[in-house]
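Undergrad: Here it is: the structure, laid out below.
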Amino acid sequence: LSNVISYFFMDNFPQHWWLMPINYNCKLQKDLWINIFSHLSGLRADLKGSLFGQHIASDVVLKTVSSFMTDSNPNKPLVFSFHGTTGTGKSHVTKIIARNLYKKGEQSKHIHLFISDLHFPDKRNLDTYTAQLKQWIHGNVSNFPRSMFIFDEMDRMHPRLIDTLKPFLDNNDNVDGVSFNKHVCSAGGFSHSSLINKHLIDHYVPFLPLELKHVRQCVMAEMVHLNMTQDSDLADEVARDMPYYPEEERIYAFKGCKSVRQKLPLYK
Ligand SMILES: Nc1ncnc2c1ncn2[C@@H]1O[C@H](COP(=O)(O)OP(=O)(O)OP(=O)(O)O)[C@@H](O)[C@H]1O
Ligand SMILES: [Mg+2]
Numbered sequence: 001l002s003n004v005i006s007y008f009f010m011d012n013f014p015q016h017w018w019l020m021p022i023n024y025n026c027k028l029q030k031d032l033w034i035n036i037f038s039h040l041s042g043l044r045a046d047l048k049g050s051l052f053g054q055h056i057a058s059d060v061v062l063k064t065v066s067s068f069m070t071d072s073n074p075n076k077p078l079v080f081s082f083h084g085t086t087g088t089g090k091s092h093v094t095k096i097i098a099r100n101l102y103k104k105g106e107q108s109k110h111i112h113l114f115i116s117d118l119h120f121p122d123k124r125n126l127d128t129y130t131a132q133l134k135q136w137i138h139g140n141v142s143n144f145p146r147s148m149f150i151f152d153e154m155d156r157m158h159p160r161l162i163d164t165l166k167p168f169l170d171n172n173d174n175v176d177g178v179s180f181n182k183h184v185c186s187a188g189g190f191s192h193s194s195l196i197n198k199h200l201i202d203h204y205v206p207f208l209p210l211e212l213k214h215v216r217q218c219v220m221a222e223m224v225h226l227n228m229t230q231d232s233d234l235a236d237e238v239a240r241d242m243p244y245y246p247e248e249e250r251i252y253a254f255k256g257c258k259s260v261r262q263k264l265p266l267y268k
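So that you can map any letter, position 71 of the sequence shown is 71 in the UniProt record's numbering, and since no number is skipped, the others follow by simple counting.
Right under this line is the structure:
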């Protein structure tokens, strides 16, 4: 197992995610959160039922989010960094967290997703991005402390833009009068960033390669998603048709569950 993990850290594309619910007045906003314990048991069930083959990630996410959310006065935001090859569930897990922590689920306006190539595409606009990002985070956190920010493809985010985030992630930091110590962050893809050097990331979470049986589970889940009747023979067939490595043993899925959703309709 440790080999697998170190392989992950050394060999492929580290991805980091952050989620940051922030509470500047040091109290859970009870009116906005129905009941944190029912949210957390929902999160536990959802992780168990819809995140396949990632027992480490499931465990770390559940434990850390639970203790963070029930701590009325954490001294620093919760910051995750998710590592692993493509299609193993890094983006997927942020959605699972999001939909279980907010009343309106993934649609909640308190969840802010940034995708580097989409939101910060042009290097020439770096100054504007920096100013806007800072203002956006500050404004939203002031307004709703338990906001959540997700940064995908952080490996493609400019270091200066990443630096903008630092003050929001640091211990007990106070940015223009608002204390940013109760949020969670999750991000994907910033391997050599200064956030690591400054120890602002709390948890590096390895995502394991998925095996055939997990891809099969993904296919079964997609059948439900596509309103198809679940068919385990078909799930076997779809899963077996995906590429695996090593070539001979065919143990790990090359792209995890990545194109399952796109492939499945072809079998109907
Ligand atoms: N471990 C998993 N359990 C359940 N479904 C999964 C898992 N991994 C991937 N999937 C499915 O495959 C889709 C693609 O996975 P996801 O986008 O989370 O991959 P990723 O790890 O973020 O990859 P990338 O590094 O390319 O961003 C998800 O939307 C989900 O439907
Ligand atoms: Mg992803």
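We put the beta carbon where it would ideally sit given N, CA and C, even for glycine.
(1) Under a three-way DSSP split, which group does M148 fall into?
(2) In this structure, how does DSSP classify I251 when only helix, strand and coil are distinguished?
(3) Any heavy atom of ligand 2 closer than 7 Å to the beta-carbon of K255?
(4) I'd like to know whether the C-beta atoms of V238 and V224 end up nearer to each other than 8 Å.
(5) Looking only at its own chain, which residues have a Cβ that is under 6 Å from the Cβ of L113, when we skip the five neighbours before and after it?
(6) Under three-state DSSP, which class holds E222?
(7) Say yes only if the C-beta of S50 is nearer than 7 Å to one or more non-hydrogen atoms of ligand 2, and no if none qualify.
(8) What three-state label does DSSP hand H110 in the structure shown?
(9) Can you say whether I251 is buried or exposed, counting buried as having 16 or more other CB atoms within 10 angstroms of its CB?
(10) In three-state terms, what does DSSP make of S91?
(11) Considering only residues of the same chain and omitting the five flanking positions on each side of D241, which have a CB-CB separation below 8 Å?
(12) Is it the case that the Cβ atoms of L208 and G105 are separated by a distance below 8 Å?
(13) Is the CB-CB distance between S66 and I96 below 8 Å?
(14) Can the beta-carbon of L78 be found closer than 8 Å to that of T64?
(15) Cβ-heavy atom distance between S91 and ligand 2 below 7 Å?
TA: So, from the listed chains and residues:
(1) strand
(2) coil
(3) no
(4) no
(5) I150
(6) helix
(7) no
(8) coil
(9) exposed
(10) helix
(11) K263
(12) no
(13) no
(14) yes
(15) yes
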